[in-house]
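To get our numbering, take the position in the sequence shown, counting from 1, and add 334.
Even glycine gets a Cβ: it sits at the ideal position worked out from N, Cα and C.
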Amino acid sequence: MFLSFLIVAQNNPVKLIKTLSSIGAQTEQDFEVILVDDTGFQPKSVVLDFMSEHFYQFNNQIKVITNLRSQGFSYSMNTGINNASGDYIVFVKEGEVLHENLVETLKKTVAEFSTNNKTINLLEFGIQYANLKKNSYSRLATDKLLSPKTNKEVLAYVHPLLHTKAFNREMLIKKQIYFVNYTRNETFFIYKVLAYADGVVAVKDILADYDLEQVKYSVFDLLKQWVHIFNFYREHSLYKEYYDELEYAYVRFCLVSFLRLVRLQHNKQLAIKAINSAENKVDRRIKSFMKNKYAKNISEPKFRIIAEDIKGYIKAWRSEFTR
């Protein structure tokens, strides 16, 4: 089997059917769905009730795993990884709409770029932020086999969002790459994969519609995971080798990815804490960042403007979103 779609269901049947419908409409049917029900079983499983009505749409392509009580996002994702059968895993959020050619495109890409010497460990594709009416294309060179060991820019430019990726399941199991329980650490998961990856391919196509929206976890967990990323690379004697790449990705994450999500929470007090935190983390790296080889030639227009005057950007952000 080529692909396993892994969904953690958290009691939102409207969003779930939206996502499952897009999966069922795939032009290439070489996939399975791993649906982990983390709603808690008492007094009954909403997801199991829901799937009893819609299961017929997927023949034998779906597995439903029910936690007797809610175990959390990371635990459920790890359960899904261990029960998947596909060569690759795509983590799908409830409410996400997958384009009908996703499986077909990824399967053709693997067939085209796989070699005897290199396995494609990670595929990245573009997404549309449906609620923002913006597309997010991969910042990596597209339709080209890249190796993080020689194409170090992969670590600088990879998208930090989990849902723009397909991961080679065999490598996850072999290297014991899992999510850390009780915290949000999707970007940490991606960088653990990159530390071991031989082959990465970025697809130029937009293959999913995804809403950036209010979250039910602490947004500061997203910043805290970078401590784990840096420590992981130090422990594996990779930190110095990838210093420029990790620094560039980190600064961009603080100023773009993190603050964009904070802005969508529409919470003034949160915004105040967030901009102070981002400023504190970036301020100590500004001098080093200005010498970073990636900061000298930023192709991304919006981030290039930010990087040219980081202090000015932080001041403007604070003025606009904390008053």
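Candidates the options: closest to residue i by CA position
i: K558; options: H600, K615 and M505; result: K615
i: N416; options: K468, V431, F513 and L402; result: F513
i: E430; options: L456, I351, V437 and R403; result: I351
i: S408; options: N394, V342 and F655; result: V342
i: F459; options: V424, K486 and F587; result: V424
i: A583; options: S571, L595, V537 and I524; result: I524
i: D543; options: N346, T353 and L604; result: T353
i: K427; options: E634, K499 and K441; result: K499
i: P494; options: N469, K509 and E520; result: E520
i: Q603; options: S338, S448 and R652; result: R652
i: L402; options: M624, G374 and L474; result: G374
i: Y551; options: R518, V537 and S404; result: R518
i: V398; options: K441, A359 and F339; result: F339
i: Q548; options: V537, L572, I540 and N601; result: N601
i: A418; options: K441, Y647 and L337; result: L337
i: P635; options: R473, G358 and Y422; result: R473
i: G358; options: Y422, L436 and S404; result: L436
Length of the line joining the Cα atoms of residue i and residue j
i: M505; j: D643; result: 41 Å
i: I396; j: D371; result: 13 Å
i: G406; j: T413; result: 11 Å
i: T453; j: D555; result: 32 Å
i: F365; j: E438; result: 10 Å
i: E569; j: A529; result: 11 Å
i: Y516; j: T443; result: 34 Å
i: E581; j: A490; result: 8 Å
i: I507; j: K645; result: 43 Å
i: K627; j: D578; result: 7 Å
i: I563; j: K574; result: 13 Å
i: I461; j: V553; result: 21 Å
i: K607; j: E446; result: 47 Å
i: F629; j: V488; result: Residue identity check: residue 629 is Ala in the sequence provided, not Phe. For A629 and V488, the distance between alpha carbons rounds to 15 Å.
i: L457; j: Y463; result: 19 Å
i: L480; j: L598; result: 34 Å
i: M335; j: T449; result: 19 Å
i: S591; j: V585; result: 10 Å
i: K621; j: A612; result: 16 Å
i: L466; j: A605; result: 19 Å
i: Y567; j: Q344; result: 33 Å
i: T656; j: A475; result: 37 Å
Strand pairing of residue i, partner residues [DSSP]
i: I396; result: V367
i: N469; result: Q462
i: D543; result: V431 and Q462
i: F339; result: V367 and V424
i: I454; result: G533
i: L354; result: Per DSSP, none; premise fails for L354.
i: T476; result: A536
Residue i classed as buried or exposed, judged by whether at least 16 other C-beta atoms fall within 10 angstroms
i: V561; result: exposed
i: T361; result: exposed
i: N451; result: exposed
i: D477; result: exposed
i: G420; result: buried
i: N502; result: buried
i: V303; result: As displayed, the chain neither begins before 335 nor continues past 657, which places residue 303 out of reach and without an answer.
i: P482; result: buried
i: Q363; result: exposed
i: H433; result: buried
i: Q510; result: exposed
i: M411; result: buried
i: A650; result: exposed
Backbone secondary structure at residue i - three-state DSSP
i: K499; result: strand
i: Y567; result: helix
i: A359; result: coil
i: I511; result: coil
i: E487; result: helix
i: V535; result: strand
i: F459; result: strand
i: T443; result: helix
i: T373; result: coil
i: A605; result: helix
i: E642; result: helix
i: E520; result: helix
i: T413; result: helix
i: A650; result: helix
i: K550; result: coil
i: A612; result: helix
i: S408; result: helix
i: Q599; result: coil
i: H562; result: helix
i: A418; result: coil
i: R403; result: coil
i: A583; result: helix
i: R657; result: coil
i: Y577; result: helix
i: V348; result: helix
i: V492; result: coil
Residue i beta carbon near the ligand PLP (any heavy atom closer than 6 Å)
i: V527; result: By its list of ligands, the structure shown contains no ligand whatsoever, and the ligand PLP lies outside what it can speak to.
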